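Colleague: Each residue of the sequence shown is one higher than the one before, starting from 0 at the first, in numbering that gives the first Met the number 0.
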Amino acid sequence: MSQTHFELNDIHWLMDILQDIDIGLVVLDRKYRVQLWNSFMDSHSGISPQKAKDRDLFDLFPDLPQDWFRQKCSAVYELKISTFTIWEQRPYLFRFPSARPITGRSSFMYQNTHIIPLESANGSVNHICL
């Protein structure tokens, strides 16, 4: 019983960490609908997790180039490999205001992005994590 209690505590802690870490976390399904939206995304986008849930990412961010992003993600889904975007190639994925308005000179937040396949128990990839 103590092992089960310990495992439940671990899951609870992990959920708190994922929700409150100072990094944006988004989980998308194959139709690019938001399945998870953490507090960083809420804080910087002004879109609550409740409003983001099950919404099309391209409706939430109409400036996000669909063809480019879908192509980046297709390899993640099909090949089950991670991919990256770096700010030197594309300054941001989501146009957020600068996180350093006093010391920074940019009007937007530079972002690196890691796109990770989330494999299900049967080995298929139906979700990705940004």
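Heads up, the beta-carbon is just placed ideally off N, CA and C, and yes, glycines get one too. Note that this is a predicted model, so its numbers are computed, not measured.
1. What distance in whole Å lies between the Cβ atoms of Pro48 and Trp36, which are believed to be in contact at a cut-off of 8 Å?
2. Note the first and the last residue of the continuous beta strand (DSSP E) segment covering Glu118.
3. Report the three-state DSSP secondary structure of Trp36 (helix, strand or coil).
4. Just to confirm, are Leu63 and Leu92 a CB contact at a threshold of 9 Å?
5. Can you give the Cα-Cα distance for Glu87 and Met40, rounded to whole angstroms?
6. Give the DSSP-derived three-state secondary structure of Pro48 in the structure shown.
7. Under a three-way DSSP split, which group does Phe138 fall into?
8. Here's a check: name, in chain order, each residue in its chain whose Cβ is nearer than 8 Å to the Cβ of Ser97, leaving out the five neighbours to either side.
9. What are the partner residues of His11, as DSSP defines its beta bridges?
10. When you compare only the Cα positions, how much space is there between Val75 and Lys50?
Modeller: To lay it out plainly:
1. 4 Å
2. 112-118
3. strand
4. yes
5. 22 Å
6. helix
7. Nothing in the structure corresponds to residue 138, since the chain is present only between 0 and 129.
8. Gly103, Ser105, Ser106, Phe107, Met108
9. Answer by DSSP bridge pairing: none, since His11 is not bridged.
10. 26 Å
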